[in-house]
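Notes follow once the structure below has been shown.
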Amino acid sequence: MLVFEFKAYGKKQQFDAVDEAIRTVQFIRNKALRFWMETEKVNKYDLNKYSAVLAKEFPFCDELNSMARQSSAERAWSAIARFYDNCKKKIPGKKGFPQFQKDNRSVEYKTTGWRLATDRKSITFTDKNGIGKLKLKGTRDLHFYQPAQIKRVRLVKRADGYYVQFCVQVDRNENIEVTGSAIGLDVGLKEFYTDSNGVAVENPRFLRKGERRLKKAQRRLSKGVKGSQNRKKARVTLGKRHLKISRQRKDFAVKLARCVIQSNDCVVYEDLRIKNMVKNHCLAKSINDASWYMFRVWLEYFGKVFGRITVAAPANGTSQECSSCGTVVKKSLSTRTHACQCGCVLERDHNAAKNILSRGLSTTGHVGTWILDPNACGELTATDVEVILHRQVDSANQESPRL
2 MLVFEFKAYG KKQQFDAVDE AIRTVQFIRN KALRFWMETE KVNKYDLNKY
52 SAVLAKEFPF CDELNSMARQ SSAERAWSAI ARFYDNCKKK IPGKKGFPQF
102 QKDNRSVEYK TTGWRLATDR KSITFTDKNG IGKLKLKGTR DLHFYQPAQI
152 KRVRLVKRAD GYYVQFCVQV DRNENIEVTG SAIGLDVGLK EFYTDSNGVA
202 VENPRFLRKG ERRLKKAQRR LSKGVKGSQN RKKARVTLGK RHLKISRQRK
252 DFAVKLARCV IQSNDCVVYE DLRIKNMVKN HCLAKSINDA SWYMFRVWLE
302 YFGKVFGRIT VAAPANGTSQ ECSSCGTVVK KSLSTRTHAC QCGCVLERDH
352 NAAKNILSRG LSTTGHVGTW ILDPNACGEL TATDVEVILH RQVDSANQES
402 PRL
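Numbering (my numbering), first residue to last: 2 to 404.
Quick look at the structure:
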């Protein structure tokens with residue numbers, strides 16, 4: 002499934018109708034959640050039926066397309082199903098009990114309620130909300146895909162305007178030449194990552210660089226009088242500042258992950274638990290700013306697209322263990338050089354990256370992705386990489402499904 006996003010242009014009355022549709026989606030989701038709390042043995046299909054009951058009871062719900070109402074009920078069920086899964090897995094701590102939504106920003110249509118123009122430059126929403134025809138502007142070309150391949154259309158509200166997303170059902174598969182190389186990645190705060198070849202990529206620190214402008218916008222918002230026009234403008238400005246930083250992070254992660262995957266046949270990275278790491282309040286902001294998890298998601302995605310092997314290796318002790326002889330050399334976080342009695346002297350992250358690569362090639366790891374496909378797995382052996390890498394890539398193509 003591919004998601005293409007376009008900026009939407011229209012009149013103020015049309016965007017007011019979009020806001021009304023978004024509020025209706027939030028209302029239906031919350032009502033479906035309340036129905037689940039007060040009724041025993043409710044499943045996904047009961048919530049879909051309940052959305053039709055709401056349309057008869059509330060006239061403003063009937064103005065929304067029927068499939069959009071079902072999508073709203075499905076949003077409630079996704080939160081319920083996630084709560085059930087956490088309970089079955091006996092996850093320690095809070096299980097994520099579904100909460101009522103108060104700041105919804107999107108409405109999703111399925112295969113009805115919209116009509117795409119023949120030139121693919123505008124879209125018309127045909128339900129009773131009165132959104133009408135919106136012009137589209139973007140870099141993607143929808144002429145390559147048939148309207149039947151578009152399974153979802155979303156209207157998303159952001160700080161800088163409104164966007165239309167098209168979810169296109171297509172198998173993305175790209176063939177590139179085999180490089181015959183494998184690499185291990187050790188992520189960090191000083192450098193974004195250091196690979197097993199000693200190459201380091203600088204950490205961009207987008208939040209730190211934009212923090213001064215963020216604080217200025219936040220102060221302006223906090224000083225504004227609630228309900229005033231100046232406060233509304235300050236709120237929009239602050240939202241745009243955060244939106245820019247999030248887009249910078251995503252752009253950096255996508256481009257870097259694609260480059261790493263195309264340059265190597267096997268990529269081994271750390272199997273980190275970011276949720277546990279950010280409990281350290283001294284490093285939480287820097288860890289979140291680095292966006293390691295986003296980088297990992299895109300690594301695994303491009304690994305499936307290009308038929309590359311991606312392995313998540315355990316990260317515990319990789320900085321302490323010598324990559325040459327295997328001896329454990331204790332060192333604090335401030336010690337940035339690894340020096341072993343065997344004569345191995347390396348930069349700390351370089352040594353860890355070599356250990357990560359070794360662990361990924363010598364143990365059973367995840368081939369593909371546990372995030373996008375929890376059942377994707379495979380075996381890697383400790384034999385010479387150049388000899389078996391071609392066979393491993395072919396095996397990964399057969400075992401793991403493509404997006």
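Even glycine gets a Cβ: it sits at the ideal position worked out from N, Cα and C.
Residue i, buried or exposed, once every other Cβ within 10 Å from all chains shown has been counted against 16
i	result
residue 92	exposed
residue 46	exposed
residue 12	exposed
residue 138	exposed
residue 358	buried
residue 244	exposed
residue 32	buried
residue 69	buried
residue 401	Interpretation of residue 401 is limited by its pLDDT of 38, a score under 50 that renders its predicted location unreliable; the figure taken from the coordinates is listed afterwards. By the neighbour-count rule (16 or more Cβ atoms within 10 Å), residue 401 is buried.
residue 1	Residue coverage of the chain in this structure runs from 2 to 404, which leaves residue 1 outside it and unanswerable.
residue 24	exposed
residue 195	buried
residue 285	exposed
residue 360	buried
residue 254	buried
residue 230	exposed
residue 282	exposed
residue 218	buried
residue 209	exposed
residue 128	buried
residue 22	buried
residue 14	exposed
residue 100	exposed
Nearest-angstrom Cβ-Cβ length linking residue i and residue j, presumed shorter than 8 Å
i	j	result
residue 19	residue 156	5 Å
residue 98	residue 115	Actually they do not touch by this definition, with Cβ atoms about 34 Å apart.
residue 204	residue 186	Contact flag wrong, Cβ pair sits at about 13 Å.
residue 151	residue 135	Residue 151 to residue 135, Cβ: 15 Å. No contact.
residue 273	residue 316	6 Å
residue 27	residue 105	4 Å
residue 353	residue 266	Residue 353 to residue 266, Cβ: 21 Å. No contact.
residue 279	residue 288	5 Å
Proximal residues to residue i (C-beta, below 6 Å), its chain only, five neighbours per side dropped
i	result
residue 78	45 and 48
residue 250	207 and 292
residue 374	Annotation note: pLDDT 40 at residue 374 (below 50); position unreliable, coordinate value reported separately. Taken in chain order, the list of residues that qualify is empty.
residue 262	303, 304, 307 and 309
residue 322	329 and 356
residue 88	96
residue 351	195 and 199
residue 211	246
residue 197	184, 185, 354, 355 and 358
residue 325	343 and 345
Same chain, Cβ closer than 8 Å to residue i, five either side skipped, listed in chain order
i	result
residue 349	320, 332, 336, 337, 338 and 339
residue 30	73, 74, 76, 77, 102 and 105
Nearest neighbour of residue i, chosen from the options [CA to CA]
i	options	result
residue 270	218, 310 and 253	310
residue 295	252, 322, 317 and 160	252
residue 163	323, 8 and 188	8
residue 222	213, 274, 106 and 236	236
residue 170	154, 177 and 158	154
residue 225	51, 213 and 238	238
residue 110	146, 66 and 281	66
residue 202	218, 177, 278 and 256	256
residue 56	15, 73, 37 and 165	73
residue 214	193, 188, 192 and 242	242
residue 133	118, 334 and 141	118
residue 173	276, 50, 146 and 17	146
residue 168	112, 276 and 86	112
residue 268	82, 326, 325 and 258	258
residue 80	37, 63 and 60	37
residue 82	71, 43 and 58	43
residue 188	290, 161 and 220	290
residue 276	94, 59 and 312	94
Residues that DSSP places opposite residue i in a beta bridge
i	result
residue 166	6 and 155
residue 115	126
residue 286	BP columns for residue 286 are empty, so no partner.
residue 134	125
residue 339	347
residue 110	154
residue 186	196
residue 262	Note: residue 262 sits in no beta bridge, so no partner.
residue 322	329
residue 179	Paired residue(s): none; residue 179 is not in a bridge.
Close beta carbons around residue i, own chain, < 7 Å, minus the five adjacent residues each side
i	result
residue 103	none
residue 391	In this predicted model, residue 391 has a pLDDT of only 38, less than 50, meaning its place in the structure is not dependable; the value taken from the coordinates is given anyway. So the qualifying residues of the chain are 179.
residue 121	143 and 144
residue 177	263 and 307
Heavy atom of the ligand SAM within 8 Å of residue i beta-carbon
i	result
residue 127	Although the ligand SAM was asked about, the structure shown includes no ligands whatsoever.
Neighbour flag for residue i against chain C, beta carbons, 9 Å
i	result
residue 304	Here there is only one protein chain, and chain C is not present.
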